[in-house]
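First up is the structure itself, then whatever we jot down about it.
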DNA sequence: CCTAATGATTGCTTATTGCAACCGGTTAAT
DNA sequence: ATTAACCGGTTGCAATAAGCAATCATTAGG
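Residue numbers (my numbering), protein chains in the order written: chain A, 1 to 194; chain B, 1001 to 1194.
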């Protein structure tokens, strides 16, 4: 990748590529940015992946970043068209849809891990918001694989490994987050009292 | 990361965070997307990182994706303000500027590696455009570290390791790309000749 | 019956992107 | 000396995208 180079020949290929496929270029970086490189698509996938949000209203009302409904609808449509997300009827309500990550979507886990690691190192995040990034980074590819297996169970109906017991990766990340919160809350209490 | 959860307490924190810092939320994923999650910033960094483009005109005219000059100027300004890129005078011309990646920018290498790996697996890239993604993915963190060291030499004036000889990582990726091109060109020739 | 839930859609305003021409100054070529 | 190329942008305008808040018809629960 990048990847795309600067030779005359590639300029020619670029023209043909754009005509044939509608893409700015055939570079994997560029193609990925075209698919998920807007301000909202990765947020939607994140909420599905880590927050277990699978319904429109959930994604809309529990969005920390306050996504607008037209943007959410548009992004879900695009992600579904791209094959990163799938949509099915939910049996609990005639109008209710359940959105699921596909294998293509699940394999964004390493991308999220690296984005999170970079962000938590270089941007003004708080401890409780960076703990999960740290754990994913420390866990490395074995932890990502385990997380992806968990997601295949939850989102694609893959049979869980019968040898696997205990909380899944998302739950463990959540527990670590809550532990930091609890520590901060008790620290805050002693500040107030002390 | 992701991280950001859905508790009442976090809703409160979110409000304070937004007031204090101007961010949608303090989640590392969201913060990273706010910084580099538009359609063009990662392309600019990619061209600096992998194409060794360091000047405005180079970035403008050798952009495979045909970036517009106002967008390029804006993105360079933003990346510089964010500390991902630095700008200095180039001694070869009074008006000429040279843009360099900072440590913060260089440490985006793993993000690019993962984005490239995902894109080359799931999106319609060609073989020659995905070979470098494959190599970076296969090389893993040791290869990324080596690449980052190379970038620190090229962009930050770090002294090269005297024990290191031979082509740097970017050159090796480029050579692999050219080898695929050469193979395709000879394959094409035999097609033409029958 | 009324209220809540459902996944959107809509009308409008604001912001961003993209195109292509342009700018004043500096350096190189003729 | 004149002309051409280089330099990093800036500009005016049209097209597109994002954001806000209200709205919609249908479905389910009390």
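Note that the Cβ used here is the ideal one computed from N, Cα and C, for glycine as well.
Cross-chain neighbours of residue i in chain A, by beta carbon under 9 Å
i	result
residue 1030/B	42, 43, 46, 64, 65, 119
residue 1125/B	1, 26, 27, 28, 31
residue 1096/B	Here the premise fails: no neighbours, minimum Cβ distance about 19 Å.
Classification of residue i by the beta-carbon crowding that lies within 10 angstroms, buried from 16 upward
i	result
residue 11/A	Bear in mind that a pLDDT of 37 at residue 11/A, under 50, signals an unreliable position, so the number given afterwards is only what the model happens to contain. Residue 11/A should be labelled exposed.
residue 1110/B	buried
residue 45/A	buried
residue 161/A	exposed
residue 30/A	buried
residue 1033/B	buried
residue 195/A	Absent from the structure is residue 195/A, since the part of chain A shown begins at 1 and ends at 194.
residue 117/A	buried
residue 1171/B	exposed
residue 1166/B	exposed
residue 1119/B	buried
residue 127/A	exposed
residue 1003/B	Below a pLDDT of 50, predicted positions are generally treated as unreliable, and residue 1003/B, at 46, falls in that range; no measurement from the model is reported.
residue 20/A	In this prediction, residue 20/A scores a pLDDT of 46, lower than 50, which makes its location untrustworthy; no coordinate-derived value is stated.
residue 1053/B	buried
residue 1187/B	exposed
residue 1049/B	buried
residue 1140/B	exposed
residue 1154/B	buried
residue 148/A	buried
residue 113/A	buried
residue 8/A	Confidence at residue 8/A is low in this model, with a pLDDT of 31, below 50, so its placement is unreliable and the value that follows should be read with caution. Classification for residue 8/A: exposed.
DSSP three-state assignment for residue i, whether helix, strand or coil
i	result
residue 1068/B	coil
residue 101/A	strand
residue 109/A	helix
residue 39/A	coil
residue 1158/B	coil
residue 1186/B	helix
residue 242/A	Since the first residue shown for chain A is 1 and the last is 194, residue 242/A is missing from the structure and cannot be characterised.
residue 1175/B	helix
residue 30/A	helix
residue 17/A	With a pLDDT of 43 at residue 17/A, under the threshold of 50, the predicted position of this residue should be treated as unreliable, and no value is reported.
residue 123/A	coil
residue 166/A	coil
residue 1075/B	helix
residue 140/A	helix
residue 116/A	helix
residue 25/A	coil
residue 92/A	coil
Option in the options with minimal Cα separation from residue i
i	options	result
residue 133/A	1024/B, 1089/B, 1028/B	1028/B
residue 1095/B	1071/B, 1069/B, 1087/B	1087/B
residue 64/A	1026/B, 1184/B, 1090/B	1026/B
residue 80/A	157/A, 122/A, 100/A, 142/A	100/A
residue 47/A	61/A, 37/A, 127/A	61/A
residue 74/A	174/A, 84/A, 41/A, 98/A	41/A
residue 1181/B	1153/B, 1130/B, 1023/B	1130/B
residue 98/A	77/A, 108/A, 121/A, 115/A	77/A
residue 1228/B	1056/B, 1114/B, 1153/B	Lying before the first or after the last residue shown, residue 1228/B is absent from chain B, which here runs from 1001 to 1194.
residue 1023/B	125/A, 144/A, 149/A, 83/A	125/A
residue 1151/B	1183/B, 1108/B, 1121/B	1108/B
residue 1157/B	1082/B, 1102/B, 1070/B	1102/B
residue 123/A	1039/B, 1084/B, 1163/B, 1159/B	1084/B
residue 1036/B	136/A, 115/A, 179/A	115/A
residue 1105/B	1168/B, 1043/B, 1169/B	1043/B
residue 1164/B	1066/B, 1142/B, 1146/B	1146/B
residue 1038/B	1071/B, 1066/B, 1051/B	1071/B
residue 173/A	142/A, 136/A, 159/A	136/A
residue 51/A	177/A, 183/A, 184/A	177/A
Residues that residue i contacts on chain B, provided the C-beta gap is smaller than 8 Å
i	result
residue 110/A	1114, 1117, 1118
residue 107/A	1118, 1121, 1122
residue 37/A	1037, 1038, 1039, 1042
residue 24/A	1064, 1065, 1066
Closer than 6 Å: residue i CB and nearest the ligand FMN heavy atom
i	result
residue 1169/B	No copy of the ligand FMN appears in this structure; indeed no ligand is present at all.
Where the alpha helix (DSSP H) through residue i begins and ends
i	result
residue 1058/B	1056 to 1061
Boundaries (first-last residue) of the beta strand (DSSP E) holding residue i
i	result
residue 87/A	85 to 89
Proximal residues of chain A, C-beta to C-beta of residue i below 8 Å
i	result
residue 1100/B	None at all; the shortest Cβ gap to chain A is about 17 Å.
Neighbour list for residue i in chain B, Cβ cutoff strictly below 9 Å
i	result
residue 104/A	1118, 1121, 1122
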